[in-house]
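Residue numbers (this note's numbering): 1 to 391. Positions of the beta carbon are idealized from the N, C-alpha and C atoms, including for glycine. Treat the numbers as computed from the prediction; the structure is a model and nothing was measured. Accompanying notes for the structure given below.
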Amino acid sequence: MKTKKYLQQLKMVAAAGVIILISGCGEEIPPGTTPLNPSAVVKTATSIIEIVQQPKIYEASGTIQPRTAATVSAKVMGEIRQVMVQEGDKVAAGDILIVLDDSRLSAQLRQAKAALAEAKQGVRAAQAGLESAQASSTLSGKTFRRYEMLLENESVSLQEFDEMKARYDQAAGALAQAKSMREASYNRVEQAKAALLAAKTAFNDTTVTAPFDATVTGKLKDKGDLAAPGTPLIRLEAIGSFEIQMVLPESHIHQVNIGDRLSVRIPSFQNEALAGEIKTINPAADPSIRSFQVNVSLPDLPAIRAGMYARVLIPIGETGMILVPETAVIHHGQLSGIFLVDADSIAHFRLIRPGRPFGNFLEVLSGLKSGDRFVSHPGQNVVDGVKVEKP
1 MKTKKYLQQL KMVAAAGVII LISGCGEEIP PGTTPLNPSA VVKTATSIIE
51 IVQQPKIYEA SGTIQPRTAA TVSAKVMGEI RQVMVQEGDK VAAGDILIVL
101 DDSRLSAQLR QAKAALAEAK QGVRAAQAGL ESAQASSTLS GKTFRRYEML
151 LENESVSLQE FDEMKARYDQ AAGALAQAKS MREASYNRVE QAKAALLAAK
201 TAFNDTTVTA PFDATVTGKL KDKGDLAAPG TPLIRLEAIG SFEIQMVLPE
251 SHIHQVNIGD RLSVRIPSFQ NEALAGEIKT INPAADPSIR SFQVNVSLPD
301 LPAIRAGMYA RVLIPIGETG MILVPETAVI HHGQLSGIFL VDADSIAHFR
351 LIRPGRPFGN FLEVLSGLKS GDRFVSHPGQ NVVDGVKVEK P
């Protein structure tokens, strides 16, 4: 029977997870009436209204933003010599964005290299001095020990022994000083290496490069401008890496979790359904609006742009609703209605308040109730007051 077929279609809609959006309820539209025509009989199919349980959805709105964005700034002072990119350009990590004047830092780099070479020469000289002091100390040590033996045998005078001990102490002091000088020369080399590294880093920083694959979204300086450390130069957005930043009221925050996959609609994409995934949930609510910041990642699509409006559909339970075939609804200007069939098989036109379309079905917000019998495919012969019979 047609009624059975209609019910089967409704069940198929329910099984497919038709989304029911939260809508405000207005005043019920009263049924319309027209004069009856009891003499007419029309053969047509009818169906029975049934309440269908569907997922209840909260619709959150948000703005698409890049997951990774950066403002590249200068690290050293210098005049901008070249700007290698324009807004809209695609760049890869390591690509040159801006070149600064390097003449001053180039001179500092040469000085640092020369200072390191000099420090290394100082190490070699200190090492030679240490080796000489070690030889003298070794010789004086042997001589001193021999004089100690001679003194015991009274073969040298005490004055001669004291003179030898003074030379021995002097050699030991010279050795200690040579060791200290070598250690100091090593320290100077390390300091020179650090200075050279700093000079190289500063010199390399005159070439400003992209930190990741990105799109240039802002060129903030031009050739000839002076850049100081911290001066913003270029704005970048990571390629193909976007998310929706939205706020969720505290009444619904417990219904989402990190990792949840949600349906996303972007109006500029003709509301085509996209799959998003919750990446972050701010643990603290904004006290001014009692809402939480939630970020939903998006698939990598070239048409997505920062700043686009998006809607995220969040299941928050189930609700009952009335769905009727689109073919059963008759539209007259801004009014919509459906032919109901009473117990005497008489058709009566009933105004309804339509909701959202779901495939080949239309949600009815008011005007119908469960158990109502209606004409599934009213033709031109179905008018208010005609008698309806099964075909």
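DSSP-derived helix/strand/coil call for residue i
i, result
"residue 162", "helix"
"residue 61", "strand"
"residue 326", "helix"
"residue 33", "For residue 33, the predicted model reports a pLDDT of 44, less than 50, meaning its position is unreliable and no value from the coordinates is stated."
"residue 336", "strand"
"residue 376", "coil"
"residue 387", "strand"
"residue 400", "Because the chain in this structure spans residues 1 to 391, residue 400 falls outside the shown range and cannot be described."
"residue 91", "strand"
"residue 221", "coil"
"residue 47", "strand"
Residue(s) in a DSSP beta bridge with residue i
i, result
"residue 393", "The question about residue 393 has no answer, for the chain in this structure spans 1 to 391."
"residue 216", "236"
"residue 268", "Residue 268 pairs with nothing; no bridge assigned."
"residue 276", "262"
"residue 207", "99"
"residue 297", "243 and 277"
"residue 79", "226"
"residue 71", "235"
"residue 310", "62"
"residue 42", "388"
Rounded straight-line distance, which links the Cα of residue j to that of residue i
i, j, result
"residue 30", "residue 218", "Per-residue confidence for residue 30 stands at a pLDDT of 46, beneath the threshold of 50, marking its modelled position as unreliable; the derived number appears in the next sentence. Cα-Cα distance, rounded: 57 angstroms."
"residue 47", "residue 302", "46 angstroms"
"residue 155", "residue 143", "14 angstroms"
"residue 93", "residue 208", "11 angstroms"
"residue 182", "residue 119", "11 angstroms"
"residue 355", "residue 283", "36 angstroms"
"residue 206", "residue 128", "41 angstroms"
"residue 234", "residue 216", "7 angstroms"
"residue 400", "residue 186", "The displayed coordinates of the chain run from 1 to 391. Any statement about residue 400 would go beyond what the structure contains."
"residue 77", "residue 210", "19 angstroms"
"residue 135", "residue 199", "40 angstroms"
"residue 42", "residue 318", "39 angstroms"
Residue burial classification, residue i (beta-carbon count within 10 angstroms, cutoff 16)
i, result
"residue 53", "exposed"
"residue 295", "buried"
"residue 348", "buried"
"residue 149", "exposed"
"residue 83", "buried"
Query raised in the report: Does the region 97-108 come close enough to the region 263-279 that 3 or more CB-CB pairs lie under 8 angstroms?
Result: no
Query raised in the report: Contact between the region 296-316 and the region 325-345: three or more CB pairs below 8 angstroms?
Result: no
Query - Three-pair Cβ contact test at 8 angstroms for the region 49-66 versus the region 179-199 - result: no
Query - the region 60-79 in contact with the region 223-237 per 3-pair CB rule at 8 angstroms - result: yes
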